[in-house]
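Single-structure report; data block below.
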Amino acid sequence: MQRRDGVTDLIEKCMLAHTAGADFPKVWREILSRSRLVIGVPVQRLEGARAILEIKLITGERLLCDPAGYALG
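Heads up: the sequence shown begins at 5 in this note's numbering, then just goes up one per residue.
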């Protein structure tokens with residue numbers, strides 16, 4: 005079932021930019037900071053030795069960014 009809240013589209017845009025070589029600052033500047041779905045600023049956290057950037061969404065979900073790309077968490 006396709007989501008209607010735009011989250012899937014946002015993740016797809018981020019992943020396309022990531023695949024094209026964009027680093028997080030560029031994705032933040034050009035995609036995430038302009039999205040009505042994003043609340044506040046990214047927060048960095050560690051999971052073991054893995055650094056993750058966490059971005060809160062108005063849906064109550066979190067968009068996670070790590071070296072592998074973007075996903076909901």
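Ideal Cβ positions, reconstructed from N, Cα and C, are used throughout, including at glycine.
Margin query: Rounded to whole angstroms, what is the Cα-Cα separation between Leu20 and Thr63?
Written below: Approximately 22 Å between the Cα atoms of the pair.
Margin query: By the DSSP assignment, the alpha helix (DSSP H) with Ala21 in it spans what residues?
Written below: Per DSSP, the continuous alpha helix (DSSP H) segment holding Ala21 begins and ends at 11–23.
Next item on the list: Indicate, with yes or no, if the ligand NAD has a heavy atom lying under 7 Å from the CB of Phe28.
Entry: This structure lacks the ligand NAD; in fact it carries no ligand of any kind.
Notebook entry, point to check: Can you tell me whether DSSP reads Leu41 as helix, strand or coil?
Noted result: Note: Leu41 maps to coil in three-state DSSP.
Next item on the list: Give the straight-line distance between the Cα atoms of Gly25 and Asp70, rounded to the nearest whole angstrom.
Entry: Straight-line measurement puts the Cα of Asp70 at about 14 Å from the Cα of Gly25.
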